[in-house]
Amino acid sequence: MKKCINCGADNKNENSFCSICGGKEFSEPYSSDTAPVQPVPPPAQPPVQPVPPHIQKKPFSFFDVLTILGFVSSIVGLWGVGFVLEPIGVLASLLGFFKGSRYKGLAAAGIVIAVIAFIIRLFMTLYDNNVLGRWAVDGILFYNH
Ligand SMILES: [Zn+2]
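Our numbering numbers the first residue of the sequence shown as -6 and each following residue consecutively.
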């Protein structure tokens, strides 16, 4: 297509005279179906914020210390002072399990070990004081008649 200089009408390229006004001067031929297209900018990528290292890991808290102390207490209590150390182990491990942010497995182990050790120790003490008979404390291994 080309535009008539005189009246601005669109004319076919092969026209020698404007079909509207009969003028002879035309603009440079152009293609009618290729209007200049604005290049589409690529979608802007949202900037990736790097996660600061201090919130990638939860902070080491007082209750995490309690978890370790509770586990150690429950283990040491197996050898002595069980009536004191095992309850401490249970309480410290419970606090560490529910309030701490780390060592959940260690806290759970401390709870289980301390509770079992305390119950066994309790039964042994009751047996030693003739409160319970052997039926209450004997296991199935190394059973002596
Ligand atoms: Zn014209």
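Each residue gets a CB set at the ideal place from its N, CA and C atoms; glycine is no exception.
- Inter-segment contact for the stretch 98 to 107 and the stretch 71 to 85 is present: three or more beta-carbon pairs are separated by less than 8 Å.
- In terms of Cα proximity to Glu7, the closest of Gly1, Glu21 and Asn(-1) is Glu21.
- Taking C-beta atoms as the reference points, Leu88 and Ile61 fail to come closer than 9 Å.
- Taking Phe56 as the centre and dropping the five residues before and after it, the same chain places the C-beta of Leu88, Gly89, Lys92 and Gly93 closer than 7 Å to its C-beta, in chain order.
- For Gly63, the closest alpha carbon among the candidates Val124, Lys97 and Ala37 is that of Lys97.
- Asp121 has no beta-bridge partner at all, per DSSP.
- Apart from the 5 residues on each side of it in sequence, Phe116 sits with its Cβ closer than 8 Å to the Cβ of Leu125, Ala129 and Val130 in its chain, given in chain order.
- DSSP lists Cys(-3) as the beta-bridge partner residues of Phe19.
- Annotation for Ser66: the continuous alpha helix (DSSP H) segment containing it runs Phe55 to Val69.
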